[in-house]
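Q: Each residue of the sequence shown is one higher than the last, beginning at 1 in this note's numbering.
Quick reminder that beta carbons are idealized off the backbone N, C-alpha and C, glycines included.
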Amino acid sequence: MARMAVVGGSIAGCAAAGTGAGHEVVVHERTERGFADRGFGIAVPPGLLDEWVKTGYPDPAMPFLPVTERAWLHITDRGAERELWRQPMEGAVCNWYLLWRSLRARVERADYRPGSRVDGMHRDGDAGGATVLVNGEEHRYDLVVGADGHRSVVRGLVAPEAVPEYAGYALWRGCLPESALSRAVVREAERASSPWSSPADTGSST
Numbered sequence: 001m002a003r004m005a006v007v008g009g010s011i012a013g014c015a016a017a018g019t020g021a022g023h024e025v026v027v028h029e030r031t032e033r034g035f036a037d038r039g040f041g042i043a044v045p046p047g048l049l050d051e052w053v054k055t056g057y058p059d060p061a062m063p064f065l066p067v068t069e070r071a072w073l074h075i076t077d078r079g080a081e082r083e084l085w086r087q088p089m090e091g092a093v094c095n096w097y098l099l100w101r102s103l104r105a106r107v108e109r110a111d112y113r114p115g116s117r118v119d120g121m122h123r124d125g126d127a128g129g130a131t132v133l134v135n136g137e138e139h140r141y142d143l144v145v146g147a148d149g150h151r152s153v154v155r156g157l158v159a160p161e162a163v164p165e166y167a168g169y170a171l172w173r174g175c176l177p178e179s180a181l182s183r184a185v186v187r188e189a190e191r192a193s194s195p196w197s198s199p200a201d202t203g204s205s206t
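(1) If we cut at 7 Å on Cβ distances, does Arg-109 have a partner in chain C?
(2) Count Cβ pairs between the stretch 55–68 and the stretch 107–122 that sit closer than 8 Å; are there 3 or more?
(3) Ordered along the chain, which non-local residues of its own chain (more than five positions away) have a Cβ less than 6 Å from that of Arg-86?
(4) With 16 other CB atoms within 10 Å as the buried threshold, where does Gly-174 fall?
(5) First and last residue of the beta strand (DSSP E) that includes Arg-82?
(6) Quick check on the DSSP output: the alpha helix (DSSP H) that includes Leu-65 runs from which residue to which?
(7) Using 10 angstroms around the beta-carbon of His-28, count the other beta-carbons present and answer buried if the total reaches 16, otherwise exposed.
(8) Arg-104 and Cys-14 - do their beta-carbons sit closer together than 7 Å?
(9) Pick helix, strand or coil for Arg-104, following the three-state DSSP scheme.
(10) For Glu-161, does the three-state DSSP call read helix, strand or coil?
(11) Could you have a look at Arg-183 and say whether DSSP puts it in helix, strand or coil?
(12) If I measure Cβ to Cβ from Glu-32 and keep anything under 6 Å in the same chain, skipping five residues before and after, which residues do I get?
(13) May I have a chain-ordered list of the alpha helix (DSSP H) segments no shorter than 4 residues that lie completely inside the stretch 14–68?
(14) Could you have a look at Leu-176 and say whether DSSP puts it in helix, strand or coil?
Written out as structure tokens, the structure reads:
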């Protein structure tokens, strides 16, 4: 039986831990308080969702909302609403936390360690495997999977030349209560479309 470490216990980490059946799997997640406050949505292509369910990743009973089109709306500075155009869109949207919880439930046998911060790691030479520094203590593993995001400690070892580069644009994302949304946006959401509204004063899409 191999000893496998997954660095990062978010969606990718739990999905990776689910592939380690028959091995000793330890998931190191630096966050202590969990992910219940991550209420943003996530969209998945229908074909990928079907493949996920067939391979046993999320629970088949997990709620997904099918989306068939995207509506582009413009809101003027006086609050008037105007539809710009519509385009076909196939997707299945769900709550990020519900997806994580479903994947987390699939890896109950794994040793999931919240508050477990990975500070570094190094290969064990010809012996294979790697030694991982966790909260100041060394732990040896036969296999290490990096699922620790854009500031990955694992990536720095495997591909140190790979560094983040500016993509040329900034993306801002936030949450609004339903009561703060315009009637048009709520109406489009209820008809299973993906509404995008552009405020007059910023020209950005929300």
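A: Looking at the atomic coordinates:
(1) No chain C appears in this structure, which consists of one protein chain only.
(2) no
(3) Spatial neighbours of Arg-86 in its own chain (CB-CB distance under 6 Å, excluding positions within 5 residues in sequence) are listed in chain order as Glu-69 and Ala-71.
(4) exposed
(5) 81–95
(6) It is not in any alpha helix (DSSP H) - Leu-65 instead sits in the beta strand (DSSP E) that spans 65–75.
(7) buried
(8) yes
(9) Helix.
(10) coil
(11) helix
(12) Pro-114 and Gly-115
(13) 46–54
(14) coil
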